[in-house]
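Some notes on the structure that comes next.
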Amino acid sequence: MIATTFNHAGGVGKTSIVLNTGHELARLGYRVLLIDLDPQANLTSWLGVHDARQEETVYFTATENAPLPTPRRVFGLDLIPSTIDLAVAESIIPARFPAILSLRKVLRAEPQRWDVVLIDGPPSLGQLAGLGALASDVFLVPISTRAKGVEALHGLHIALKNYQEFQSDLRVAAYIPTMYDARRREDNQILEQMRHTLPKITLPVPERAAEWNRAASSGKPVTLSAPRSDAAEDVRKVTRELIQLLELPPVRTFTNAPEVSRGQ
Ligand SMILES: Nc1ncnc2c1ncn2[C@@H]1O[C@H](COP(=O)(O)OP(=O)(O)OP(=O)(O)O)[C@@H](O)[C@H]1O
Ligand SMILES: [Mg+2]
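For the sequence shown, my numbering gives the first residue as 17, with consecutive numbering after it.
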């Protein structure tokens, strides 16, 4: 199963969802690959990788049809990191169609290697988002429970329709309401509206700024930086929901378990 977070709105939790549910899936025993497609490289740096080289990113896959680079092993999962060079790849991809299908091609060449591949999409509808979208079976769409959050849905659905012309069975597997503050009237109204209009919606992930910021600055997933925190419980909950919504097979082994708490 290959899924990408997809939302051109910034700061809605795309990277947080990929990193934390990805780590939780690895802890449960799934073989997980994370791919950072954002030139900001937030996923990469949050996982403590600060020395990634251009050839370790998808740059040459996207621009020169190179094979998938060898992933880094971090916290019991595989990571294809990003660097700022991906911004340059973005400007090269359009001139080299069908380069936009290159990531799809290399991932499909290794169908048994990972149980789940999670791609962290950039906050844009550009070529890097397209590279991730067309490599994927499904989208995961985090949306903040604010008016601005739902405003992004229109553009996002137009983009999905466009990608479906290349890949007709591409679909949204889950909408994930994020940054939810139960005390705010606006959040509750927006959440209600989402529940009425969107299929396959998960429980909201509550806003817990202190816990999430601490995890990001510690360079660890939330479930490692504060395993008994409410935020860690939120991660475990949404991961269980995603296992259902992504129709992942039952966990077979726990072979990953001993190394998921280690960095590199
Ligand atoms: N549930 C949460 N509560 C509070 N803060 C959160 C929560 N989830 C993530 N954050 C914080 O919100 C910020 C934005 O999250 P994140 O980077 O995951 O969003 P993004 O959609 O990937 O952003 P971008 O569009 O820039 O890639 C980060 O600082 C993150 O630590
Ligand atoms: Mg991000």
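Quick reminder that beta carbons are idealized off the backbone N, C-alpha and C, glycines included.
Residue of the options minimising C-alpha distance to residue i
| i | options | result |
| --- | --- | --- |
| N58 | A189, L102, K121 and L44 | L102 |
| V104 | R120, Q143, S118 and L123 | Q143 |
| I159 | L172, P127 and L147 | L172 |
| I116 | S107, D131, R124 and L150 | L150 |
| G26 | G148, S140 and A175 | S140 |
| E106 | A198, R124 and D54 | D54 |
| I18 | R244, A175 and A125 | A125 |
| R199 | R162, T213, S234 and M210 | R162 |
| Q56 | I100, H212, D67 and V90 | I100 |
| H66 | G92, L134, G235 and I109 | G235 |
| R43 | V154, N178, Q209 and V132 | V132 |
| I135 | A145, I174 and N204 | A145 |
| V90 | N178, D203 and T60 | T60 |
Proximity test, residue i beta-carbon vs ligand 2 heavy atom, cut-off 7 Å
| i | result |
| --- | --- |
| K236 | no |
| N58 | yes |
| T194 | no |
| T31 | yes |
| D185 | no |
| P94 | Pro is not the amino acid found at residue 94; the sequence shown has Asp there. Every heavy atom of ligand 2 is 7 Å or more from the Cβ of D94, so no. |
| D203 | no |
| D136 | yes |
Close beta carbons around residue i, own chain, < 7 Å, minus the five adjacent residues each side
| i | result |
| --- | --- |
| E71 | P85 |
| L258 | T37 and A190 |
| T255 | T37, E40 and L41 |
| I33 | T21, L156, P158 and I192 |
| A232 | W62 |
| A242 | E227, R230, A231 and A248 |
| D153 | M17, I18 and A19 |
| P266 | none |
| L207 | T161, P193, Y196 and P220 |
| R120 | L150 and A151 |
Near ligand 1: residue i beta-carbon under 7 Å from a heavy atom
| i | result |
| --- | --- |
| G165 | no |
| P97 | no |
| P139 | yes |
| A248 | no |
| G142 | no |
| D54 | yes |
| G146 | no |
| L222 | The amino acid occupying residue 222 in the given sequence is Pro; Leu does not appear at that position. True, at least one ligand heavy atom lies under 7 Å from that Cβ. |
| G38 | no |
| V251 | no |
| W228 | yes |
| V28 | yes |
Chain-order list of residues whose beta-carbon lies under 6 Å from that of residue i (same chain, five-residue window excluded)
| i | result |
| --- | --- |
| V251 | N36, E40, V238 and T239 |
| M195 | S160 and E223 |
| P110 | Q143 |
Contacts around residue i, its chain only, beta-carbon distance under 8 Å, and the 5 residues preceding and following it disregarded
| i | result |
| --- | --- |
| L261 | A189, A190, K216 and T218 |
| N23 | K30, G137, P139, V157, P158, I159, A168 and L172 |
| D246 | P222, R224 and E227 |
Meets three-Cβ-pair contact criterion under 8 Å: the stretch 73-82 and the stretch 162-177: no
The stretch 27-46 / the stretch 177-190 touching (three or more Cβ pairs under 8 Å): no
contact_flag[the stretch 41-52, the stretch 217-235] where n(CB pairs < 8 Å) is 3 or more: no
Inter-stretch contact (C-beta, 8 Å, three-pair minimum) for the stretch 88-100 and the stretch 61-75: yes
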